[in-house]
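See structure below.
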Ligand SMILES: [Fe+2]
Ligand SMILES: [Fe+2]
Ligand SMILES: [Fe+2]
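Protein chains in written order, with this note's numbering: chain P, 1440 to 1493; chain L, 815 to 1200.
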C-alpha cells in the first residue's frame, strides 16, 4: 500500500501504522480513510496529501 | 538605537516592543522583542526581520554597521508577520537581495505580500555559504507553523532558532546572563505552553536534529539570547516536549454565588492532604495564558463552572476552547460545578475536556449551595482517587 505525505507539514501517512489516535486502524489504505479525517500533525484535510514516490 | 554584538561580525539588529500586552490573546505582560540578526561576511546576511511598525528601529541599528542597501541575503525563517512584516519596506532598500525560505515559507510569503521577490527555496540540510561562514538550514515544520525553519552557523556555533526557545520579554539586556534567569525560564515556559505545546512531537524531532550540532549560542526570535545557559533551555525543552508532568493539579474555575468556589476549595484540600502541588486559578482573576503555563507540568486539571442558562459560564467555555487547541493530552481532567436546575455544565465541560485529549475522572455536581457534609464528601472521594 502506498504512503502519502501531507504537503503542508510533511507528515507521512503509512498504511501499515494507520493513525490510531485519529480512528484509523493499522492496515487502512489512504483511499479508504474517511473524508473528514485530518492530518494528525497540522490539521489539514485529506485532499492536501500527495502520494509518496518510492 | 544601537546594534548588539553577539559574536565578531554577528549582530542583533532587532526591535523592542515595550508596550506589547496582548499577542493574539496571549497576555504578554513583559512585552517582547523581535530579534533580527545581521551577519557581516562576503555576503551580508540578515536573518529574519521585525514587525512592520518597527522597521525604522531595525534599519537604524543596521545602519550603524552597514548601509542596509548592501544586504545580499535575507533568511526568512518564519512567515508570521512579527518576523516577516518588514520585508516589503526592506526590499525597497535592497531590491536585489535574495530571500531564502523553506518551500512552505516561499509559498506563505507570496500569499502574504504578493511580490515577485528573488526567492530561493531552502531545503532541509542545505548549506548556504556567506563567505567565511555558512548557514545550515533545518526545516522544523509545525514548530509552530508549516513554514518554520532554523539556521545553524557552524563556524560561530550559533543556532538561529526563530520562535523555538523564545520568550516574550522586552528588555534592554540581550543575553541570558544579564537578566534574571528565573524570569527568562518562566517566560520560556509560558511561551512553550501557549505557542508550542500542541507540536511537542515535532519539537522532539527538532531537538534530535539539534543534538548533533555543536551549539554554543541559541539566538531565538523573541527575548534573550542564550550563551551561558544553553543546556538549561535545551533541558527544559526536552522535559516539556516529553510531556513530563509532576504531582501537581491546576484548579480552574469561575463562580456566581461562591458554590462552585467552595467545591474548588474542597478539591484543593484533597490535593493538599495527598501532598500534591496545586494551584487555584479563578477565571475572574487569572488570564487563560497564565493558566496554560501552570498546566504545562501538571498531571491533573480540574475545571469548575456553575450552570448558567443550561450552559457553562462563557469564561469557562473560552478557557476550554483555548485548552482544546493547545492540550498535549496524556493527562487527567475532572469537571465540577453547582447548579440550580438543569445542571448541564459538568457534562458540557467533560465533552470539551475529552475533546482536548484528556482522560476524564469522575466529576462533582452539587445542587444550589453545598453544605459541610457534601464538601467533606468531595474531599474524601477525591482523596481516594489520587
Ligand atoms: Fe499536516
Ligand atoms: Fe510565530
Ligand atoms: Fe514570533
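For every residue, glycine included, the Cβ atom is placed at its ideal position computed from N, Cα and C.
Out of curiosity, what's the CA-to-CA distance linking residue 1193/L and residue 1186/L? In a straight line, the C-alpha of residue 1193/L is about 11 Å away from that of residue 1186/L.
For residue 1090/L, three-class secondary structure by DSSP: It is coil, neither helix nor strand.
At a threshold of 7 Å, does residue 874/L count as lining ligand 3 (C-beta to nearest heavy atom)? It does not: the Cβ of residue 874/L is nowhere closer than 7 Å to a heavy atom of ligand 3.
What are the complete beta strand (DSSP E) segments, minimum 3 residues, inside the segment 973–997 of chain L? None, since the segment 973–997 of chain L contains no complete beta strand (DSSP E) of that length.
Taking only heavy atoms of ligand 1 into account, decide whether any of them is closer than 7 Å to the Cβ of residue 1480/P. In this structure, residue 1480/P has its beta carbon less than 7 Å from a heavy atom of ligand 1.
What does residue 963/L pair with, by DSSP beta-bridge criteria? DSSP, once it has assigned bridges, lists 953/L as partnering residue 963/L.
So, does the segment 980–994 of chain L touch the segment 909–926 of chain L, judging by three or more C-beta pairs under 8 Å? Contact between the segment 980–994 of chain L and the segment 909–926 of chain L is absent, with fewer than three C-beta pairs closer than 8 Å.
To the nearest angstrom, report how far apart residue 881/L and residue 870/L are at their CA atoms. So the alpha carbons of these two residues sit roughly 13 Å apart.
Could you tell me if the beta carbon of residue 940/L falls within a distance shorter than 7 Å of some heavy atom in ligand 2? Outside the cutoff, so no.
Taking 8 Å as the CB-CB cut-off, is residue 960/L touching chain P? For residue 960/L, the answer is yes, since a Cβ of chain P falls inside 8 Å of its Cβ.
CB contact check: residue 1449/P to chain L, cutoff 8 Å: For residue 1449/P, the nearest beta carbon of chain L is closer than 8 Å to its own beta carbon.
Contact set between residue 956/L and chain P, taken where Cβ atoms lie within less than 9 Å: Result: 1447, 1448, 1449, 1450, 1480 and 1481.
Please name the residue, chosen from 883/L, 888/L and 849/L, that lies closest to residue 860/L on a Cα-to-Cα basis. Minimum Cα distance to residue 860/L is reached at 888/L.
Residue 1440/P classed as buried or exposed, judged by whether at least 16 other C-beta atoms fall within 10 angstroms: Exposed, by the Cβ-count rule.
Residue 1450/P CB to nearest heavy atom of ligand 1 below 7 Å: Correct: residue 1450/P has its Cβ closer than 7 Å to ligand 1.
When you compare only the Cα positions, how much space is there between residue 1084/L and residue 1060/L? Straight-line Cα distance between these residues: approximately 16 Å.
Between 1130/L, 906/L and 947/L, which has its C-alpha nearest residue 1219/L's C-alpha? Because chain L spans 815 through 1200 in this model, residue 1219/L falls outside it and cannot be assessed.
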